[in-house]
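Have a look at the structure below, then the notes.
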């Protein structure tokens, strides 16, 4: 098999995988955590064994969907952090971007973070094993942004990781509670969380030669 043929086959496989993920997205938007492999296969017009061939099991499909949505969310968060605005405004915009994303697609959020609430037909699905890496990835991404942009003095790298994971944990926990109970408006939650973060963030200087925070 020559290189051109292998490349064409890879493109075809990638396209088919995207089509299956889009079908899975449609089912998740409709069913949330109750989305099953059977329903996704039916939506895609294939049999369940073919779906398994592409993703292995529900865990493999979950991981692919998680990467798809996490990539999109991280792109939005980076855009908020890069916006030409004062630091406080960018902090609030970044918090709001995260909350707006989970508010706009609550069924997707629940599928990714609370899949254990779903169908009993897909057994053996460990929510912690699958959802924890999403939060760790976001924490590491934010830590790198902080390290690149702020001068935190000695131990900047370690402190940036503490802040990155701490901020993501706060956003996740507060957002999860807010999405379930809706005790206040999104704007009120954003302001309250920004107030909590602001003291040390306001005092930190920009890193020399960095893009600024």
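Numbering (the numbering used here), first residue to last: 973 to 1185. Even glycine gets a Cβ: it sits at the ideal position worked out from N, Cα and C. Since we're looking at a predicted model, the values are computed, not measured.
- Per DSSP, reduced to three states, the secondary structure at residue 1029 is coil, with no helix or strand assignment.
- Rounded to whole angstroms, the Cβ separation of residue 1059 and residue 1173 is 7 Å, and the two are in contact under 8 Å.
- Between the alpha carbons of residue 1061 and residue 1055 lies a distance of about 9 Å.
- Pairwise C-beta distances place the region 1112 to 1124 out of contact with the region 1150 to 1168, as fewer than three of them are shorter than 8 Å.
- The DSSP-derived three-state label of residue 1136 is helix.
- The beta carbon of residue 1081 sits closer than 6 Å to those of 1074, all from its chain and outside the five residues before and after it, given in chain order.
- Beta-bridge analysis with DSSP links residue 1122 to 1178.
- By the neighbour-count criterion, in which a residue is buried when 16 or more other Cβ atoms sit within 10 angstroms of its Cβ, residue 1013 is buried.
- Residues of the same chain with a CB within less than 6 Å of the CB of residue 1045, apart from the 5 flanking positions on each side, are 1073 in chain order.
- Residue 1070 has its alpha-carbon roughly 14 Å from the corresponding atom of residue 1106.
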